[in-house]
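Protein chains in written order, with the numbering used here: chain A, 1 to 152; chain B, 153 to 708. All residues carry an ideal CB built from backbone N, CA and C; glycine is no exception. Just below is one structure, and these are the notes that go with it.
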Ligand code: HEM
Ligand code: SF4
């Protein structure tokens, strides 16, 4: 079991208890033929091209992107590309993410972060809440007139 | 000079508070040392051989006197009374204590400075030509663009955890004083056939263990497209750069392994997407930045040339200072003064608090309040009236800052090496000192002419040895220091990587070895204007190898 971090704080992960499935990208094409998009989450590896995922955008309510180590920042660019290419479902970051990265994850387009109990114990809720992006003010937004990728 | 707006102030102060919190969380165990490390690195704090080291950003090397005075204050209050100016146009303090560092950062914020992103796997402090805005040969001042990039890179959410560090350098004209071809991105101001200013973009330059010269990825980039284009380069690198081996993680390896043409296609494709999601920076913002880099209102009273040349020629030391340490300013009544931080036998780049205050005072009194730090570890007064030169010289001389050796043999770059650095395999500062002592006669150095010697204490090449006319790399061979010589490197617009001359030399042998190279050069050059690099490029390495290894040459 793990903890889901959202802007409102820590929550239980109810995706699977509510009947949702996590399916590895490589198995996606194979096992089940009839899928309900709103019960389907795809686990993608972090070295995949977004181009190759475009056909699946409407087939999954969630895409989960792994962070094998907090120092591996590929997930940030992947999330950004998915949003830029028009993916509108839920984006979840899973793995070794630290609270200091929560704001970056949100600005890049993630909706939520999945961490284990160990991390949740070591970095309690208030450390994550301190990283909720408060306003749309950043150098990048000021400079590039960027539209936020998701509602912050 | 760029002045912070309210947003800059809030941002920097906020970062200091954040870091203060991170130090507390490290101490209470919320953060492991592993997790704290990239966070402290993003705020410029390294752990070194003897102590922490704090690296303070001096964006594009530009400072005013107030900032220089504050650097002096910090060195006295929190360090041992000196600072080290480095090849990255920043200043490093070698002895701060962890618990003091948030206070140091606050003191920096008081004068609109910070240490953000001077380390870590993110976009580092953007460097630029140290003569920017003053040089006679420039197309446009590169600093407004460098400032734009500084702002863009600050806390960029996508690019804080790149495969490896990322360095951007800029130059404003055809003469490259910023070593742009040895950076992850090198940017050169150019004009297209319509005469519009834009950028030539290079990627994949770098030194370290696999030195490479940057390759042109875009010949002409319109100014308005800069940020989306740079964003595209970074995104392609973040997703495709190698993460399996930290020695192969720089963008130069991606360029090398993927090929510049394929990479260009990837970048251009991402660029199209980026462009459709970003607007160009608002014109008012760009204009507001540019307005802050206007040259100062120069006093244009005509210099009395007769009088000045009499004063200069009456003092041989002043004359040689003027000959070596002065460069041409775009305004004929003014000059650019380079203050050498390479006294004979000293530590290249070190300045005491007192010296910093004197330089700040000179900037205030004679230099329109501007100073620069050069990647060659010197300090520049970019705008000085030529009739003030004798007075400026006098003050510098009293402070031990008037060494007339800019561009000459003893104007060396040396990394910290074994004296401070945890990664060092050999000493490098002492080699610089001994070489400098061996050639202490400045007349001899002047006779030898322009020569760039650069020394690194390990393969990471922080001392730029690959682009030294004579490069010295200190290695460890079974517990003994061994110095490898490279010849013919060049960090300018005609950049090249130096070639290895042969087996290494011991610490005792390295100064005599360099002397033999110089003797050989002196004996074969055609005239005084025939520089070392010219000769090397014309005649090749063999004659120098023969001078370096006389025994082998004799037995061959
Ligand atoms: C004192 C502790 C220092 C450490 C631990 C350190 C570490 C490193 C490392 C590991 C590299 C190789 C990076 C790579 O190839 O991926 C490197 C390169 C470099 N460092 Fe340092 N460095 C230090 C000091 C300095 C100083 C004082 C400067 C000068 C300001 C400097 C400037 C550079 C430059 C110019 C390069 C080569 C250019 C490139 O990045 O390819 N470093 N450094
Ligand atoms: S070249 Fe090596 S010894 Fe010198 S500062 Fe860099 S890492 Fe340290």
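- Message: Measuring alpha carbon to alpha carbon, tell me which residue in 364/B, 322/B, 265/B, 519/B is nearest residue 400/B.
- Response: Ranked by how close their Cα comes to the Cα of residue 400/B, the residues 364/B, 322/B, 265/B, 519/B have 364/B in first place.
- Could you tell me whether the region 480-500 of chain B touches the region 532-541 of chain B, using the rule of 3 or more Cβ pairs below 8 Å? The region 480-500 of chain B, when compared against the region 532-541 of chain B, does touch it at the 8 Å Cβ threshold.
- Minimum Cβ-Cβ distance from residue 143/A to chain B less than 7 Å: Taking Cβ atoms only, chain B reaches closer than 7 Å to residue 143/A, which makes this a yes.
- Item | Neighbour list for residue 253/B in chain A, Cβ cutoff strictly below 7 Å | In chain order: nothing, as chain A lies at least about 17 Å away.
- Message: Rounded to the nearest angstrom, what separates residue 696/B and residue 613/B at their Cα positions?
- Response: The straight-line gap separating the alpha-carbon atoms of residue 696/B and residue 613/B is approximately 23 Å.
- Item | Where the beta strand (DSSP E) containing residue 504/B begins and where it ends | Residues 502-504.
- Task: Leaving out five residues on either side along the sequence, give the residues of the same chain with a beta carbon under 7 Å from the beta carbon of residue 295/B.
- Result: Taking residue 295/B as the centre and dropping the five residues before and after it, the same chain places the C-beta of 212, 214, 280, 284, 285, 445 closer than 7 Å to its C-beta, in chain order.
- Looking only at C-alpha atoms, which of 331/B, 255/B, 387/B, 302/B sits nearest to residue 270/B? Cα-wise, what sits closest to residue 270/B is 302/B.
- Message: Going by beta-carbon coordinates alone, are residue 244/B and residue 194/B separated by less than 7 Å?
- Response: The answer is no: Cβ separation not under 7 Å.
- Are the beta-carbon atoms of residue 608/B and residue 625/B separated by less than 7 Å? Here residue 608/B is near residue 625/B, since their CB atoms are less than 7 Å apart.
- Query: Closer than 7 Å, CB to CB, is residue 35/A near chain B or not?
  - Reply: It does not; no Cβ of chain B falls within 7 Å.
- Message: Does the region 419-434 of chain B come into contact with the region 99-113 of chain A, if we say contact requires no fewer than three beta-carbon pairs (one atom in each stretch) closer than 8 Å?
- Response: The region 419-434 of chain B is not in contact with the region 99-113 of chain A.
- Report yes if the C-beta of residue 501/B is less than 6 Å from at least one heavy atom of the ligand SF4; otherwise report no. Relative to the non-hydrogen atoms of the ligand SF4, the Cβ of residue 501/B never comes closer than 6 Å to any of them.
- Item | Alpha carbon of residue 298/B to alpha carbon of residue 35/A, nearest angstrom | Going from the Cα of residue 298/B to the Cα of residue 35/A covers about 51 Å.
- Message: With a threshold of 7 Å between beta-carbons, can residue 445/B be considered close to chain A, or not?
- Response: So, not an interface residue.
- Query: If we count the other Cβ atoms within 10 Å of its Cβ and call it buried at 16 or more, is residue 202/B buried or exposed?
  - Reply: Label assigned to residue 202/B: exposed.
- Message: I'd like to know whether the C-beta atoms of residue 565/B and residue 253/B end up nearer to each other than 7 Å.
- Response: Pairing residue 565/B with residue 253/B gives a Cβ-Cβ distance that is not under 7 Å.
- Query: Which residues, taken in chain order from the region 74-90 of chain A, show a beta carbon closer than 8 Å to some beta carbon of chain B?
  - Reply: Within the region 74-90 of chain A, those residues whose Cβ lies closer than 8 Å to any Cβ of chain B are, in chain order, 74, 76, 77, 78, 80, 81, 84, 85.
- Task: Run down chain B in chain order and give the residues with a C-beta less than 8 Å from the C-beta of residue 98/A.
- Result: Using a Cβ-Cβ cut-off of 8 Å, residue 98/A is close to 183, 187 of chain B, given in chain order.
- Query: Since residue 671/B is in the alpha helix (DSSP H), which residue starts that stretch and which ends it?
  - Reply: Residues 659-676.
- Item | Inter-residue spacing [alpha-carbon to alpha-carbon] between residue 2/A and residue 21/A | Taking the Cα positions, residue 2/A is about 15 Å away from residue 21/A.
- Message: From the DSSP secondary-structure annotation, give me the bridge partner or partners of residue 360/B.
- Response: According to DSSP, residue 360/B shares a beta bridge with no other residue.
- Message: Could you check whether residue 267/B and residue 168/B sit closer than 7 Å to each other, using their CB atoms as the reference points?
- Response: No, they are not a contact pair.
- State yes or no: is the C-beta of residue 568/B nearer than 6 Å to some heavy atom of the ligand SF4? The answer is yes for residue 568/B.
- Query: Closest Cβ-Cβ distance between residue 309/B and chain A: below 7 Å?
  - Reply: By this cut-off, residue 309/B is an interface position.
- Message: Beta-carbon within less than 8 Å of residue 46/A's beta-carbon, same chain only, minus the 5 sequence neighbours each way: which residues are those?
- Response: For residue 46/A, the CB contacts under 8 Å within the same chain, skipping 5 residues up- and downstream, are 65, 66, 67, 68, 72, 74, 75, 78 in chain order.
- Item | Amino acids of chain A, ordered along the chain, whose beta-carbon sits closer than 8 Å to that of residue 353/B | Among the residues of chain A, none has a CB under 8 Å from the CB of residue 353/B; the nearest is roughly 18 Å distant.
- Message: Closest to residue 653/B by C-alpha separation, out of 622/B, 642/B, 673/B, would be which residue?
- Response: Selected option, being the one with the closest Cα: 622/B.
- Query: For residue 320/B, which residues does DSSP report across the bridge?
  - Reply: Beta-bridge annotation (DSSP): residue 320/B is paired with 337/B.
- Query: How far does the beta strand (DSSP E) with residue 12/A in it reach, from first residue to last?
  - Reply: In the DSSP assignment, residue 12/A falls within the beta strand (DSSP E) that extends over 9-12.
- Query: Is the shortest distance between the beta-carbon of residue 139/A and the beta-carbons of chain B less than 7 Å?
  - Reply: Yes, because at least one Cβ of chain B sits closer than 7 Å to the Cβ of residue 139/A.
- Enclosing beta strand (DSSP E) for residue 412/B [first to last residue]: Under the DSSP assignment, residue 412/B falls outside any beta strand (DSSP E), being part of the alpha helix (DSSP H) whose first and last residues are 412-429.
- Query: Among residues of its own chain, excluding the 5 on either side of residue 176/B, which ones have a beta-carbon nearer than 7 Å to its beta-carbon?
  - Reply: Here the set comprises nothing.
- May I ask which residues mark the beginning and end of the alpha helix (DSSP H) holding residue 557/B? Where residue 557/B is concerned, there is no enclosing alpha helix (DSSP H), given that its DSSP letter is neither H nor E.
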